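These notes concern the structure reproduced below.
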Amino acid sequence: MDLNATRMFVTAVQTGTLSAAAARLNVPLPTLSRRIRRLERDLRVQLIERGTRGVTLTRAGMQFYETTDFGIDSLLKAEDVLRSGQAHYEGVLRLSLPPSFEPWWEMLGDFQERYPAIKVCVYTSERNVDLRHEGIDVALRVGRVVDDSMVARRLVSYRHVLVASPSLAERLDIDSPEALQSCPCAVWSNQPNDESSWRLGDQALRGSVRLATNDYLHLRIRALRGEVVTELPPFLAADAIRDGTLRALFPDHVMPLQYISLVYPSHRHPSSLVKAYLDHCEEYVASFVGLANQGAHAPGAARPSRS
């Protein structure tokens, strides 16, 4: 049996289309289609039904996929073990990141300086992408990870900080959390009609919301313009607080903990590239979040932990 053709078939099932499988495996679409047809002839069964919206498994195809998926992954694992012993990292690493994660961009630059033969493809999205279907090796997730099909490595925890420009804070006399209720506010939200509120300690506060967006860089710009009070991750607020263009509000009233985790599919043995990326991120993230927390006066950063 042609193992390469079998791998092409498995990838086509995972991605949903022949074109997506060809792109993931970096082979021409006609070649992939021809190899899968030859595999069907060799097995004397039709494995997939080809349509304009993608591929659909036949009953025989489903049985074949369920049998071969784990086997192909085991072969790739064995190949990777041999390659990792040669201490050479080369290939393509596909990542998913949330928008506005600016410090991660610099970290990826350091990672590729360390491993120059690794090509990095970054897909930016606020949603939790389907790693297996979309061919993502590792995704960065903010918040708790409750998906049993994923392995999560929690890197660090931190707290957001409420900020405003000094001119806005003085003009509106923002001297207590309760004063926020009459202040122009900008909130992070991934729902267009979400009535978001802030939690400070045991208080839930809602200001006069002028802007709701799922882009923290947008929130930072509007705060720097002196228009609104907003919340920012410490690593997006620290520099502006240090240079005095933003002011941290109520540092004694802490916001809830946030978590940064890296996740990858539990059914898949992590490749040497994935392991190198996970380890590099763990080295980096503790230092940048720790320094940012200090600069933003947002207590509560925790040490990296695995989960």
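Quick note, in our numbering, the sequence shown goes up one by one and the last residue is 294.
Ideal placement from N, C-alpha and C gives every residue a C-beta, glycine not left out.
Nothing here was measured: the structure is a model prediction, and the numbers come from that model.
- Excluding sequence positions up to five before and after residue 98, its CB lies within less than 6 Å of the CB of 267, all in the same chain and listed in chain order.
- Exclusion of the five residues before and after residue -5 leaves 8, 12, 19, 22 and 23 as the residues of its chain whose Cβ lies within less than 7 Å of its Cβ.
- Around the Cβ of residue 194, a 10 Å sphere holds 16 or more other Cβ atoms; the residue is buried.
- Residue environment analysis places residue 134 among the exposed positions, since fewer than 16 neighbouring C-beta atoms fall within 10 angstroms of its C-beta.
- Only buried fits residue 138, as 16 or more other CB atoms lie within 10 angstroms of its CB.
- With a cutoff of 9 Å on beta-carbon distance, residue 243 and residue 186 are scored as near each other.
- Exclusion of the five residues before and after residue 32 leaves 47 as the residues of its chain whose Cβ lies within less than 6 Å of its Cβ.
- In the structure shown, the three-state DSSP call for residue 128 is strand.
- For the pair of segments examined, the region 166 to 179 was found not to touch the region 244 to 254: the number of CB pairs separated by less than 8 Å stays below three.
- Residues of the same chain with a CB within less than 7 Å of the CB of residue 27, apart from the 5 flanking positions on each side, are 33 and 34 in chain order.
- Contact between residue 87 and residue 126 fails: their C-beta atoms lie close to 16 Å from each other, not under 8 Å.
- Taking a cut-off of 8 Å on C-beta distances, the region 221 to 238 touches the region 144 to 161, as three or more cross pairs fall below it.
- The region 141 to 178 contains, as complete alpha helix (DSSP H) runs of 4+ residues, the segments 153 to 158 (chain order).
- Taken through DSSP and simplified to helix, strand or coil, residue 191 comes out as strand.
- Under the Cβ criterion (8 Å, minimum of three pairs), the region 204 to 217 counts as touching the region 156 to 171.
- Short of 8 Å from the beta carbon of residue 161, and not among the five residues preceding or following it, lie these beta carbons of its own chain, in chain order: 151, 155, 167, 170, 216 and 236.
- Taking C-alpha positions only, residue 44 is separated from residue -2 by approximately 13 Å.
- Take the alpha-carbon of residue 37 and the one of residue 5: they are about 9 Å apart.
- In this structure, the straight-line span from the alpha carbon of residue 100 to that of residue 203 is close to 27 Å.
- Looking at the DSSP output, residue 137 bridges to 252.
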